[in-house]
Amino acid sequence: MSILSGKRILLVVGGGIAAYKSLDLVRRLRERGATVTPVMTAAAAHFVTPLSVGALSASKVFTDLFDREDEHDVGHIRLARGADAILVAPATADFMARAAAGRADDLATAILLATRAPVLMAPAMNPAMWAHPATRRNLARLEADGVRFVGPNAGEMAEAGEAGAGRMAEPLEIVAAAEVLFDAGHKPLAGRRAVVTSGPTHEPIDPVRYIANRSSGRQGHALAEALAALGAEVTLVSGPVAIADPPGVTVHHVETAREMLAAVEKAMPADIAVFVAAVADWRVTSESGAKIKKDAGGPPTLSLAENPDILSTIGHAPDRPKLVVGFAAETDALLDNARVKLDRKGADAIVANDVSPTAGVMGGTENTVHIVTREGVEDWPKLGKTDVARRLGDWIAARLAQLEAQ
Ligand code: C5P
């Protein structure tokens, strides 16, 4: 039985071409035993008729804040209180802007302000509108207000010849995201094993010196904690970091890439593996057992050898976890590089991590990421690392459920 069974879903249909997919969404939600109360914005009625939405949902369709019949008992408050969750599909750029500003100038936005139920939005718009800084701002603000998002996906747009991120998520993806919404208290990852790598590695040159990088471990540690909060049994393999072990997680501390690989292999099998660590690409083969002296005949020459690629090793292993996720910190050609890594490393998703100086400096507290899969790219706004972790945890839970439903 679906977790949506018996749930009262209030579905806001916004005014975009993707509204036709909302008709299928209504059907999918009802198949799972949810009741659907539709609210249409004025613009939505240009794309689908209240008659079809009403027929598919077997419910009255609400459209007007000032409806004489419904508002005698302050209908927008009643609708807001009577919902277990609110879905907005499609969420247009204008709808997101009004919701982010806290406006209540129509029935749908008034309900959003009055509700205490979780809200899930499925944005759909032209790729240029999705990429616009104003929409990015609105997205970040709504995220901070606790609104959850699914999609948009990349692909062909209704406008001839246009492609990019902006297509509304498919109805079944929205259903999966809605299930995660209700599953929060139910621990959707209960009984699952997850392995997460985090932090840098240190590759010794001699007993006092090493090669390292700027990774703080904040993102990987936050993700380990988020997966544990969703019920997973988490093993965190951490390089040397200056932050505390996250609660509720088994932590193995390692120093070098080779130690990290050994610890990860020991933690297998797992259902989920997420490789957040910034592993050093090379180790020093000429490691000295004693401190190299400054006056020992000029600067030493370091000879380097390539480290094992932990993600690639696990991604290509015969008993690989069902879901393997990598990270890719890039300063340029972010998405192209991430797509190449997806195949080369045998990952199911790459979290492309913009470390260019304008996006968020490596080692900082914020992160701008894009989720790259074989189906397309999801752009997330600049978020705190804890928020990225929470959202990624939800994404992983939904993705695992989706993979297993196939
Ligand atoms: O190739 P690049 O280092 O950019 O790939 C980054 C991804 O691969 C990250 O998920 C990182 O944790 C993983 N990786 C790894 N072992 C390496 C190098 C990278 O697991 N030796």
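The opening residue of the sequence shown carries number 1 in this note's numbering; numbering runs sequentially from there. All C-beta atoms in this analysis are idealised placements derived from N, C-alpha and C, irrespective of residue type, glycine included.
heavy atom of the ligand C5P below 7 Å from residue i C-beta
i      : result
Asp24  : no
Val279 : yes
Leu87  : no
Gly326 : yes
Ile310 : yes
Lys266 : no
Asn307 : yes
Lys385 : no
Thr235 : no
Ala257 : yes
Lys345 : yes
Val196 : no
Val241 : no
Val147 : no
Phe275 : yes
Lys187 : no
Lys322 : no
Lys7   : no
Lys291 : no
Lys341 : yes
Buried versus exposed call for residue i [16 or more other C-beta atoms within 10 Å across all chains shown]
i      : result
Asp145 : exposed
Asp343 : exposed
Thr331 : exposed
Thr285 : exposed
Leu172 : exposed
Thr301 : exposed
Leu25  : buried
Phe66  : exposed
Glu375 : exposed
Gln219 : buried
Lys7   : buried
Ala117 : buried
Asp105 : exposed
Residue i vs residue j beta-carbon contact at 8 Å
i      : j      : result
Pro407 : Val180 : This structure cannot speak to residue 407, because the chain is shown only from 1 to 406.
Arg390 : Ala122 : no
Thr365 : Gly346 : no
Ala80  : Ala42  : no
Ala34  : Ile9   : yes
Val237 : Ala263 : yes
Ala165 : Pro127 : yes
Leu403 : Leu323 : yes
Asn307 : Ala329 : no
Ile396 : Val325 : yes
Ala190 : Leu4   : no
Ala44  : Gly15  : yes
Arg87  : Val12  : Reading the sequence as shown, one finds Leu at residue 87 and not Arg. Cβ atoms of Leu87 and Val12: closer than 8 Å.
Ala112 : Ala131 : Note on residue identity: the sequence assigns Leu, not Ala, to residue 112. No; because the gap between Cβ atoms is not below 8 Å, this pair is not in contact.
Residue i (DSSP reduced to helix, strand or coil)
i      : result
His253 : strand
Ala44  : helix
Leu120 : strand
Thr37  : strand
Phe62  : strand
Leu234 : The identity of residue 234 in the sequence shown is Val, whereas the question assumes Leu. Looking at Val234 - three-state DSSP - the assignment turns out to be strand.
Arg141 : helix
Glu170 : coil
Arg32  : coil
Val150 : coil
Ala18  : coil
Gly54  : helix
Gly155 : strand
Ala273 : strand
Gly75  : helix
Beta strand (DSSP E) segments (min. 3 residues) lying fully within the stretch 77-110 | 85-91
Which ranges would you report for the beta strand (DSSP E) in the stretch 321-396 if only whole runs of at least 3 residues count?
-> 323-330, 349-354, 369-372, 377-379
Could you tell me which uninterrupted beta strand (DSSP E) segments, each at least 3 residues in length, are contained entirely in the stretch 277-304, listed from first to last along the chain?
-> 282-284
Which ranges does the beta strand (DSSP E) cover as unbroken runs of at least 3 residues, wholly within the stretch 191-220, from first to last along the chain?
-> 193-198
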